[in-house]
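Participant: So the protein lines, in turn, are chains A and B.
Quick note: the first sequence uses the numbering used here, first residue 1, plus one each step.
Quick note: the second sequence uses the numbering used here, first residue 332, plus one each step.
Just so it is clear, CB atoms sit at the ideal spot from N, CA and C, and this is done for glycine as well.
There are 2 protein chains.
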Amino acid sequence: MMKNFLISLILLLIYSCQSTKSENNIAIVIHGGAGTILKENMTTEVESAYLNKLEEAVQTGYEILKNGGSSQSAVDETIKIMEDSPLFNAGIGAALTNEETASLDASFMEGKNLNAGAIAGSKYIKNPISAAISVMEDSPHVLLSSDGADEFAIKMGLDTVPNSYFITERRLNSVRKAKKDDMFSFEYSYINDSKYGTVGCVAIDKMGNISSGTSTGGTTNKKWGRIGDVPIIGAGTYANNDCCGISTTGWGEHFIRNVVAYDIAAQIIYNDKGIKEASINSLDKVMKTGGDGGVIGLDNKGNISMEFNTAGMYRASIDKNGNLTVKIYSD
Amino acid sequence: MMKNFLISLILLLIYSCQSTKSENNIAIVIHGGAGTILKENMTTEVESAYLNKLEEAVQTGYEILKNGGSSQSAVDETIKIMEDSPLFNAGIGAALTNEETASLDASFMEGKNLNAGAIAGSKYIKNPISAAISVMEDSPHVLLSSDGADEFAIKMGLDTVPNSYFITERRLNSVRKAKKDDMFSFEYSYINDSKYGTVGCVAIDKMGNISSGTSTGGTTNKKWGRIGDVPIIGAGTYANNDCCGISTTGWGEHFIRNVVAYDIAAQIIYNDKGIKEASINSLDKVMKTGGDGGVIGLDNKGNISMEFNTAGMYRASIDKNGNLTVKIYSD
């Protein structure tokens with residue numbers, strides 16, 4: 001009797017230690033886009049609005065992780081908060097196409113089994129990140145596009161809205177100005193209008209599972225059904241429990257050409273680099289082909305990285321020690 | 332005077348040696364799809380038709396390289412021959428969608444500057460590979476999709492055809508059979524109908540420039556604007572003069588999730604692997620997530636690799652010594 005009690009006590013102690021150890025590992029990092037974000041162009045009100053929304057988003061994901069929720073759920077709920085805010089170029093407030101409509105891209109990847117899902121060119125899905133997760137879970141495919149993506153989301157019973165829901169006055173002014181000058185937003189610096197307003201989130205949960213997600217309206221004035229890096233697994237999003245999770249924001253074409261998200265992972269897997277050094281190396285490659293932007297990520301030990309080669313990047317994180325960081329400009 | 336003459340002579344000799352050396356480096360490799368290709372299911376006539384067309388395609392590209400043409404031009408012309416043949420799942424003879432239409436994807440990448448272009452979901456472009464090259468050269472984008480891709484191609488003056496041009500009786504029978512059983516082609520083995528009939532080509536020219544291209548009709552019975560790995564740089568196609576060029580064929584979703592084309596490159600860049608070993612490693616990863624298929628590639632020394640984990644892969648190459656190989660089944 002006493003022996004059984006002692007064994008139970010020892011097992012309980014071992015279990016508690018393990019569970020405490022793995023609880024230390026939860027961490028989350030988000031971005032709300034990188035670009036020409038300068039303090040001198042920002043009002044205190046706008047700055048506060050961004051800082052508050054970033055904090056709300058990252059705290060929401062962290063609470064889910066703290067309560068034992070999955071990194072998938074944390075990434076989904078965190079990105080939805082940013083999609084539902086007109087501050088960011090994703091969901092409502094998305095950058096508009098040449099036709100003055102919203103056309104939304106998103107992707108999601110799960111590090112434990114390398115499952116992934118993505119949509120490109122959706123017109124009606126309220127929360128593109130949830131549709132990306134649904135493509136992963138409910139279809140045999142990874143990437144669905146345009147009308148087909150909307151049709152799939154409607155079939156799956158996801159929330160849909162008229163395209164006008166996404167359109168804000170600020171973005172309408174931006175695209176009209178860009179059309180007048182026949183420029184794409186990445187060729188075109190516009191005060192207070194983040195050049196690359198993608199949103200993204202990477203999280204690691206108590207089970208050590210990493211998930212990454214990214215969502216965007218793409219570039220202002222985009223034409224010809226242009227697809228950027230966001231729905232491209234390996235370019236805009238990557239997750240693998242063996243190394244890390246990554247979400248990018250920037251001049252999408254250069255992030256595709258440099259396969260940025262997976263290039264960071266490959267440096268960790270094959271070359272034993274740390275996530276920060278690998279991120280800096282990949283951004284250097286982006287700069288060499290003429291692009292710029294930023295990347296966020298965390299490795300499977302919960303180490304966080306937030307790097308960019310633009311003036312600023314909306315970003316926030318809560319690290320494995322529970323420390324909150326919310327920043328806009330370069331340090 | 333004599334001294335100047337001697338210096339000139341030495342410089343001329345050095346130049347000649349270099350130019351001879353680099354001329355030895357030209358090489359080309361192609362695939363016409365991998366899958367359940369078994370000798371017992373093949374007639375002699377069909378087998379000859381494939382072998383002849385593969386040889387014609389690879390010889391065409393090699394002649395261009397031998398005459399000092401660019402690897403871009405070699406890849407373009409070689410793939411066009413396969414697109415224009417109903418034998419392969421690309422251009423005419425493409426696998427058909429759930430709507431019994433052709434929906435074409437292609438991508439191209441240039442190793443000297445990491446430029447890339449791709450189209451997804453085109454209905455009217457006669458030669459998708461040329462459209463991918465045009466996206467790279469004539470637009471600020473990498474990937475254009477659906478109606479937008481067609482609109483761009485028409486604007487650029489590329490050859491367009493009615494969608495019915497692409498449709499063959501063989502593919503119509505396949506999709507109708509698949510629809511009846513509600514299966515996608517990769518879940519569905521069909522005698523004499525290559526599961527993954529993508530075509531691809533990688534070449535290195537006298538200048539040492541590597542180019543890669545891939546073209547496909549996607550999977551039989553595809554729905555919801557599904558995009559596979561072919562138009563995804565890093566998954567279906569990759570080229571970088573620092574290491575190699577790659578084109579893949581197989582269950583596209585698994586090639587996206589494993590970022591196959593760039594994973595092979597990354598092993599060469601970061602882990603000093605040879606192209607054959609790196610290709611085998613990446614295909615092992617594809618198998619681990621439940622997929623299969625093949626990859627072709629060559630490194631910047633002109634070493635060729637043609638690997639697959641299916642029963643067969645239509646493939647051909649002419650190596651740096653001028654040796655021709657044309658094969659269908661496993662060795």
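If distances are taken between C-alpha atoms only, which option among ALA278/A, ASN25/A, ASP138/A comes closest to LYS155/A?
Facilitator: Against the first sequence, residue 155/A aligns to sequence position 155. Answer by Cα proximity: ASP138/A.
Participant: How long is the line joining the alpha carbons of GLY234/A and ASP84/A, rounded to whole angstroms?
Facilitator: Along the first sequence, read from residue 1 onward, the residue named residue 234/A stands at position 234. Along the first sequence, read from residue 1 onward, the residue named residue 84/A stands at position 84. Going by the C-alpha atoms only, they are around 26 angstroms apart.
Participant: Cβ atoms of ILE361/B and LEU382/B: under 8 angstroms apart, would you say?
Facilitator: For this step, residue 382/B is matched to residue 51 along the second sequence. For this step, residue 361/B is matched to residue 30 along the second sequence. No. Outside cutoff.
Participant: Let me know if LEU655/B comes out buried or exposed under the rule of 16 or more other beta-carbons within 10 Å of its beta-carbon.
Facilitator: The residue you call residue 655/B lines up with position 324 of the second sequence. Exposed, since its Cβ has fewer than 16 Cβ neighbours within 10 Å.
Participant: Does LEU503/B pass the burial test, meaning 16 or more other C-beta atoms within 10 Å, or should it be called exposed?
Facilitator: Position 172 of the second sequence holds residue 503/B. Exposed: under 16 other Cβ atoms inside 10 Å.
Participant: Mind checking who SER546/B pairs with in its DSSP beta bridge?
Facilitator: Here the question's residue 546/B lines up with position 215 in the second sequence. For SER546/B, which the question treats as bridged, DSSP gives the partners ALA437/B, VAL530/B.
Participant: Can you give me the C-alpha to C-alpha distance between PRO128/A and ALA116/A, rounded to a whole angstrom?
Facilitator: Looking up residue 128/A in the first sequence gives position 128. Looking up residue 116/A in the first sequence gives position 116. Approximately 14 angstroms, taken between the alpha carbons.
Participant: Go ahead and label GLU169/A buried or exposed: buried means 16 or more other beta carbons lie within 10 angstroms of its beta carbon, across all protein chains shown.
Facilitator: One-based indexing of the first sequence puts residue 169/A at position 169. Exposed is the call here.
Participant: Name the residue from ILE256/A, VAL326/A, ALA311/A, ILE275/A whose alpha carbon lies nearest to the alpha carbon of LEU38/A.
Facilitator: Here residue 38/A refers to the residue found at position 38 of the first sequence. Checked all of ILE256/A, VAL326/A, ALA311/A, ILE275/A; the closest Cα to LEU38/A is ALA311/A.
Participant: Return the residue from the list LEU475/B, ILE600/B, MET440/B that minimises the CA-CA distance to GLY567/B.
Facilitator: Position 236 of the second sequence, counted from the first residue, corresponds to residue 567/B. Taking only the C-alpha atoms, the option nearest GLY567/B is MET440/B.
Participant: What in chain B is Cβ-close to TYR270/A, meaning under 7 angstroms?
Facilitator: Position 270 of the first sequence, counting from 1, holds the residue named residue 270/A. Going along chain B in sequence order, the residues near TYR270/A (Cβ under 7 angstroms) are ALA597, GLN598, TYR601, ASN602.
Participant: Where does the unbroken alpha helix (DSSP H) through HIS254/A begin, and where does it stop?
Facilitator: Numbered from its first residue, the first sequence carries residue 254/A at position 254. 252-257 is the extent of the alpha helix (DSSP H) around HIS254/A.
Participant: Taking only runs of the beta strand (DSSP E) that begin and end inside the region 23-62 of chain A, which ones reach a length of at least 3 residues, in chain order?
Facilitator: Here the runs fully enclosed are 27-35.
Participant: Using CA coordinates, which residue listed in THR547/B, SER636/B, THR375/B is at the minimum distance from ASN420/B?
Facilitator: Position 89 of the second sequence, counted from the start, is the residue given in the question as residue 420/B. Among THR547/B, SER636/B, THR375/B, the Cα nearest to that of ASN420/B belongs to THR547/B.
Participant: With DSSP run on the structure shown, which of helix, strand or coil describes ALA618/B?
Facilitator: The residue given as residue 618/B occupies position 287 in the second sequence. The sequence as given places Met at residue 618/B; Ala does not occur at that position. In this structure, MET618/B counts as helix in the three-state DSSP scheme.
Participant: When you compare the CB of LEU403/A with every CB in chain B, is at least one pair closer than 8 angstroms?
Facilitator: As displayed, chain A neither begins before 1 nor continues past 331, which places residue 403/A out of reach and without an answer.
Participant: Would you verify that the beta carbon of ASP242/A is, or is not, closer than 8 angstroms to some beta carbon of chain B?
Facilitator: Here residue 242/A refers to the residue found at position 242 of the first sequence. Answer no: the Cβ-Cβ gap between ASP242/A and chain B never drops below 8 angstroms.
Participant: Give the interface partners of ILE606/B over in chain A, defined as CB-CB distance under 8 angstroms, in chain order.
Facilitator: Within the second sequence, numbered from 1, the residue matching residue 606/B stands at position 275. Within 8 angstroms Cβ-Cβ: nothing; ILE606/B doesn't reach chain A, min ~15 angstroms.
Participant: Report the rounded CA-to-CA distance for SER366/B versus SER73/A, giving the unit in angstroms.
Facilitator: What you label residue 366/B is simply residue 35 of the second sequence in a count that begins at 1. What you label residue 73/A is simply residue 73 of the first sequence in a count that begins at 1. Ser is not the amino acid found at residue 366/B; the sequence shown has Gly there. Answer to the nearest angstrom: the Cα atoms are 37 angstroms apart.
Participant: Tell me the DSSP secondary structure of ASP478/B in three-state form.
Facilitator: Taking the second sequence and counting its residues from 1, the one referred to as residue 478/B is at position 147. Here ASP478/B sits in helix by DSSP.
Participant: Using 10 angstroms around the beta-carbon of TYR496/B, count the other beta-carbons present and answer buried if the total reaches 16, otherwise exposed.
Facilitator: Taking the second sequence and counting its residues from 1, one reaches residue 496/B at position 165. When all chains shown are included, TYR496/B counts as exposed.
Participant: What residues from chain A crowd round ALA447/B, counting only those whose CB sits closer than 9 angstroms?
Facilitator: Translated into positions along the second sequence, residue 447/B becomes position 116. Correct list: GLU253, ILE256, ARG257.
Participant: Could you compute how far the alpha carbon of ARG646/B sits from the alpha carbon of LEU445/B?
Facilitator: On the second sequence, position 315 is the one that residue 646/B refers to. On the second sequence, position 114 is the one that residue 445/B refers to. Their backbone Cα atoms lie some 25 angstroms apart in a straight line.
Participant: How close, in whole Å, do the beta carbons of SER212/A and ALA239/A come, if the pair is a contact with beta carbons under 8 angstroms?
Facilitator: Start at 1 with the first residue of the first sequence, and residue 212/A comes out as number 212. Start at 1 with the first residue of the first sequence, and residue 239/A comes out as number 239. Between ALA239/A and SER212/A the Cβ distance is about 4 angstroms, and since that is below 8 angstroms, they are a contact.
Participant: Taking the alpha-carbon positions, what's the HIS254/A to ASN572/B distance?
Facilitator: For this step, residue 254/A is matched to residue 254 along the first sequence. For this step, residue 572/B is matched to residue 241 along the second sequence. C-alpha separation (whole angstroms): 17 angstroms.
Participant: What's the C-alpha gap between LYS537/B and ILE304/A?
Facilitator: As a working mapping, residue 537/B is identified with position 206 in the second sequence. As a working mapping, residue 304/A is identified with position 304 in the first sequence. Those two C-alpha atoms are separated by around 45 angstroms.
Participant: Quick check on LYS651/B - is its C-beta less than 8 angstroms from some C-beta in chain A?
Facilitator: On the second sequence, position 320 is the one that residue 651/B refers to. Answer no: the Cβ-Cβ gap between LYS651/B and chain A never drops below 8 angstroms.
Participant: For ILE79/A versus LEU104/A, is the C-beta distance shorter than 8 angstroms?
Facilitator: Position 79 of the first sequence, counting from 1, holds the residue named residue 79/A. Position 104 of the first sequence, counting from 1, holds the residue named residue 104/A. No, Cβ-Cβ distance for ILE79/A and LEU104/A is not below 8 angstroms.
Participant: So THR219/A packs on ALA106/A, CB below 8 angstroms; how close in whole Å?
Facilitator: Numbered from 1 along the first sequence, position 219 holds the residue referred to as residue 219/A. Numbered from 1 along the first sequence, position 106 holds the residue referred to as residue 106/A. With a Cβ gap of about 15 angstroms, THR219/A and ALA106/A do not count as contacting.
Participant: Run through DSSP, which three-state label would LEU396/B get?
Facilitator: On the second sequence, position 65 is the one that residue 396/B refers to. Note: LEU396/B maps to helix in three-state DSSP.
Participant: Taking only the alpha-carbon atoms, compute the straight-line gap between GLU385/A and GLU99/A and give it to the nearest angstrom.
Facilitator: Residue coverage of chain A in this structure runs from 1 to 331, which leaves residue 385/A outside it and unanswerable.
Participant: Just mark GLY148/A as buried or exposed, buried being the case when its beta carbon has 16 or more other beta carbons within 10 Å.
Facilitator: On the first sequence, position 148 is the one that residue 148/A refers to. Looking at its Cβ environment, which holds 16 or more other Cβ atoms inside 10 Å, GLY148/A is buried.
Participant: Tell me the residue span of the alpha helix (DSSP H) that contains TYR496/B.
Facilitator: Counting from 1 along the second sequence, the entry for residue 496/B is found at position 165. Per DSSP, TYR496/B belongs to no alpha helix (DSSP H) and is neither H nor E.
Participant: If we define contact as Cβ-Cβ less than 8 angstroms, is ALA480/B a contact residue for chain A?
Facilitator: Counting from 1 along the second sequence, the entry for residue 480/B is found at position 149. So, interface residue.
Participant: Examine chain B for any beta-carbon lying closer than 8 angstroms to the beta-carbon of PRO140/A, and answer yes or no.
Facilitator: If you number the first sequence from 1, residue 140/A lands on position 140. It does; some Cβ of chain B falls within 8 angstroms.
Participant: To the nearest whole angstrom, what separates the beta carbons of ALA333/A and VAL75/A, a pair I think is in contact under 8 angstroms?
Facilitator: Here chain A comprises residues numbered 1 to 331, so residue 333/A is not present and cannot be evaluated.
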